[in-house]
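With this note's numbering applied, the sequence shown has no gaps in its numbers, which climb one by one up to 637 at the end.
Glycine included, C-beta positions come from ideal geometry on N, C-alpha and C.
Everything below concerns the one structure shown next.
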Amino acid sequence: MSPEQPLGIFDSGIGGLSVLREIRRELPAENLFYVADSGHAPYGDKPLSAIEARAVAITEFLLDQGVKMIVVACNTATGAAAPLLRGRYPIPIVAMEPAVKPAVARTRSGVVGVLATRQTLASQQFADLLARIEQDALILPQPCPGLVEQIESGDLDGDVTRCLLERLLSPLLGRGADTLVLGCTHYPHLAPLIAELVGPEVMVLDSGAAVARQVRRRLAAAGLLAPADRVGRERFWTSGDPVMTQRLIARLWHPDAVLEHLDAHPHATSCRLPSA
Ligand code: DGL
Numbered sequence: 362m363s364p365e366q367p368l369g370i371f372d373s374g375i376g377g378l379s380v381l382r383e384i385r386r387e388l389p390a391e392n393l394f395y396v397a398d399s400g401h402a403p404y405g406d407k408p409l410s411a412i413e414a415r416a417v418a419i420t421e422f423l424l425d426q427g428v429k430m431i432v433v434a435c436n437t438a439t440g441a442a443a444p445l446l447r448g449r450y451p452i453p454i455v456a457m458e459p460a461v462k463p464a465v466a467r468t469r470s471g472v473v474g475v476l477a478t479r480q481t482l483a484s485q486q487f488a489d490l491l492a493r494i495e496q497d498a499l500i501l502p503q504p505c506p507g508l509v510e511q512i513e514s515g516d517l518d519g520d521v522t523r524c525l526l527e528r529l530l531s532p533l534l535g536r537g538a539d540t541l542v543l544g545c546t547h548y549p550h551l552a553p554l555i556a557e558l559v560g561p562e563v564m565v566l567d568s569g570a571a572v573a574r575q576v577r578r579r580l581a582a583a584g585l586l587a588p589a590d591r592v593g594r595e596r597f598w599t600s601g602d603p604v605m606t607q608r609l610i611a612r613l614w615h616p617d618a619v620l621e622h623l624d625a626h627p628h629a630t631s632c633r634l635p636s637a
């Protein structure tokens, strides 16, 4: 393993770009390889075995590209597959944890809402997290079916997304939540709309920056930080509609970002999900 190698980052779609943004801010010299598995999004309502299969296929694809670390930039894939990936692959694996701990530390009303996918909220990882901190605040988990689909379709502030969000947020606000955790990496793309809907009194947290700091710590500990005088580059792949994903990546990342298709790589498609 050498410091020159890239980092591999993946999500069920464009959600992980919210984590990629923080990693780029923290580590300007690293080359970042990003896979948007949009052809199989959303993960959040799929069986665990299907999510595991995708996580393994994408990890093997990224290892074929020579990455030195995997960042699971997806809370759902973390809950479903992070222990499996850590047991199977001898490289550092960094994964997500919803920002519930900082939320509990900051809430004044003592009520915290957690927006995430059904699978994340049902995961052992989330149960363990709650067991460690639940006594310190009332935690209200809120599954958000349909929200990832809206974001993947590019609707970040339209009427349908706004209506859906209002419906999801209203029970949390009604019960006195003054702090909201975005426990899915897609949701930070809706941060301006969420801020508008909840108002300035409600704090909204996600864990992208904390994960980026963890990536830096793990690379430094392994002696794998890229040479500081280098300018890092990104490469993108998708398993989804290349036109749609290209449009989203251009909007959320950079207009000149170049996207490649995952189907060109046999490893990445060897674990295809049964169609829904
Ligand atoms: N970005 C993924 C997460 O953090 C979205 C999951 C999905 O595809 O449903 O959970």
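Worksheet entry | Ranges of the alpha helix (DSSP H) found wholly within the stretch 376-460, counting only runs of at least 4 | 378-387, 409-425 and 436-449
Practice prompt. May I have the straight-line CA-CA distance separating L499 from V472, to the nearest angstrom?
Written response: 5 angstroms
Item to complete: May I ask you to check if the CB of G400 is nearer than 8 angstroms to at least one heavy atom of the ligand DGL?
Response: no
Item to complete: Report the rounded CA-to-CA distance for A434 versus L534, giving the unit in angstroms.
Response: 28 angstroms
Item to complete: Would you mind reading off the limits of the beta strand (DSSP E) that contains E557?
Response: Looking at the DSSP string, E557 is not in any beta strand (DSSP E); the run it does join, the alpha helix (DSSP H), is A552 to V559.
Item to complete: Please indicate yes or no: does the CB of M605 lie closer than 8 angstroms to some heavy atom of the ligand ATP?
Response: Because the ligand ATP does not appear in the structure shown, any question about it cannot be addressed here, the ligands present being the ligand DGL.
Worksheet entry | D372 versus K407 - alpha carbon distance | 14 angstroms
Discussion item. Is S373 a contact residue of the ligand DGL, with contact defined as CB to any heavy atom under 8 angstroms?
Written reply: yes
Worksheet item: Residues in its own chain within less than 8 angstroms of V455 by CB, not counting five upstream and five downstream?
Response: M430, I431, V432, V433, V572, Q575, V576 and R579
Item to complete: Closer than 6 angstroms by C-beta to N392: which residues in its own chain qualify, once you throw out the five before and the five after it? Chain order, please.
Response: P367, G593 and R594
Worksheet entry | Beta-carbon proximity of P459 to A477, cut-off 9 angstroms | yes
Worksheet item: With distances taken between CB atoms, is the gap from L359 to L526 smaller than 9 angstroms?
Response: Outside the shown range of the chain (362 to 637) lies residue 359, about which nothing can therefore be said.
Worksheet entry | Expected contact under 8 angstroms - CB spacing of L623 and F597 to nearest Å | Incorrect: roughly 10 angstroms between the Cβ atoms, too far for contact.
Fill in: Collapsed DSSP secondary structure at G544 in the structure displayed
coil
Practice prompt. Would you identify the three-state DSSP class for P588, choosing helix, strand or coil?
Written response: coil
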